[in-house]
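Under numbering that gives the first Met the number 0, the sequence shown has 287 at position 288, and the numbering climbs by one with no breaks.
The beta-carbon is built from N, C-alpha and C at its ideal position, and this holds for glycine as well.
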Amino acid sequence: MGSNAGGLYALTEEHVAIREAVREIAEREIAPWAAECDTESRYPIEAQKALTAAGFHATHIEEQYGGEGADAIATCIVIEEVARVDVSASLIPAVNKLGSVPVILSASEELKQKVLPSIAAGDAMISYGLSEREAGSDAAAMKTRARLDGDSWVLNGAKAWITNAGISEWYTVMAVTDPEKGANGISAFVVHRDDPGFEVGAKERKMGIKGSPTCELHFTDCTIPADRIIGEPGTGFKTALKTLDFTRPTIGAQAVGVAQGALDAAIGYTKERKQFGKSTSDFQGVQFMLADMAMKIEAARHLVYVAAARGETGGPDLTMVSASSKAFASDVAMQVTTDAVQLFGGAGYTQDFPVERMMRDAKITQIYEGTNQIQRMVIARNILR
């Protein structure tokens, strides 16, 4: 890991090798389909197959469950390199981590053995169900209920904006088990798509990440075995918040990746594009834009890796660093992709080039896994303690 008490990190030779391997797969197997997946709102099955074949679909799962046991920086590098060519495809490793971290953190050994090996093997994927239509940033206001009935839990309610819904077989779902206790009355469960009373709703029509389906989940007396609860009753919301400390850097990694992809495209285009008898990259105004883009991306990348490393080593500032990495990197992604469209001029506004898609895809990174306004509240709470 190369981490120490000072919170420094060092990229290992293995990290560098992972980046090269993922970049090669991304360029060869994922990039060629990115525009089509966006235009047709089609799931990037080619990306899933390629990432799974190479073992990059869920690198974070420990070896004892058949996984790679990679550290958090390695996972961020995988997500970053995939997002560089297609943000939708990067949600395959990212959501596999988001959905499984609650299980890894808090589930019984039996439940881990039931769920994690199938994800590690690439036979199944897992999604995360926290948000509801009326409980987004205020997630504790959720209405989905779970009640114990003999040796089963029975769930009723709905979840919204669930990434890769319908593709995933497993779903980590938060539900209220004791309405009197507020946030301390919320529990976490693992639901399988074949469970009776479980249904996936219609796909949302989105601005970006169109290759990744986003749907509602509906629970109508959805009945699951009692041992599918994650941890003790009432600990679900704590698990959900703790999970985000470990997964927000993965959103930062997506943001860094899409920003890097947009910068790479802009560098290539401005060198080729001739105006007033020279390449547009020869104009200082353009050079300063490119320099700012590169500088911001580098800062964001390092903050993401610091947050990922902090997740490995722990530390009182994990929540703050994690929130910072997500908010900073996603703001950078929006700035950089918007500037990339500008540097392409009129061409950047067309679908003949990837930067308009990158700009649309970048926007969601400022919203999901906690809006950047919520991240700022989290950071403020931590520094004003």
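Buried is the label assigned to P248, since at least 16 other Cβ atoms lie within 10 Å of its Cβ. As computed with DSSP, S151 is found in a beta bridge with D148 and P224. Assignment of G251 by DSSP, reduced to helix, strand and coil, places it in the helix class. Leaving aside the five residues that flank V340 on each side, the residues in its chain whose CB is nearer than 7 Å to its CB run, in chain order, G347, Y348, V354, E355 and M358. Contact annotation, A57 with I24: C-beta distance approximately 15 Å; criterion of less than 8 Å not satisfied. When the Cα atoms are used, P195 and A239 turn out to be separated by approximately 25 Å.
About 38 Å separates the beta carbon of F218 from that of L302, a gap too long to meet the 8 Å contact definition. In the DSSP assignment, T171 falls within the unbroken beta strand (DSSP E) covering W169 to V175. Membership of I118 in the alpha helix (DSSP H) is indicated by the continuous run E108 to A120.
Contact between the region 76-90 and the region 141-152 is absent, with fewer than three C-beta pairs closer than 8 Å.
Assigned with DSSP and collapsed to three states, Y367 falls in coil, not helix or strand.
Selection V102, E311, V331 and E109 evaluated against R300 yields V331 as nearest (Cα-Cα). In this structure W169 touches I125 by the C-beta definition: roughly 4 Å separates them, less than 8 Å.
In the pairwise beta carbon analysis, the region 184-191 is classified as not touching the region 159-167: fewer than three pairs are separated by under 8 Å. The continuous stretches of alpha helix (DSSP H) do not include G128, which lies in the beta strand (DSSP E) extending over residues I125 to G128. Between I185 and F236, the C-beta spacing is below 7 Å.
Straight through space, the alpha carbons of I373 and Q365 are spaced by roughly 10 Å.
Distance from I118 to S105 at the Cβ level is roughly 16 Å; contact not present, criterion being Cβ atoms closer than 8 Å. As computed with DSSP, S323 is found in no beta bridge at all. In this structure, the alpha-carbon of Q286 lies about 29 Å from that of L10. The straight-line gap separating the alpha-carbon atoms of T234 and V77 is approximately 31 Å.
If the five residues before and after E80 are omitted, its C-beta is found closer than 7 Å to the C-beta atoms of R18, V21, R22, A25 and G256, all from its own chain and listed in chain order.
Residue burial annotation: F275 is exposed, with fewer than 16 other C-beta atoms found within 10 angstroms of its C-beta. Taking C-alpha positions only, F55 is separated from A138 by approximately 31 Å.
Secondary structure within the region 256-335: the alpha helix (DSSP H) runs of 4 or more consecutive residues, fully enclosed, are 283-312 (chain order).
The way I'd put it, the region 262-280 doesn't touch the region 175-182; fewer than three beta-carbon pairs between them come closer than 8 Å. Rounded to the nearest angstrom, the gap between the Cα atoms of T213 and D281 is 43 Å.
Here T38 is exposed, its C-beta having fewer than 16 other C-beta atoms within 10 Å. The beta carbon of G310 lies closer than 6 Å to those of A71 and F245 in the same chain, with the five residues before and after it left out.
By the CB criterion at 7 Å, A225 and D291 fall outside the cutoff.
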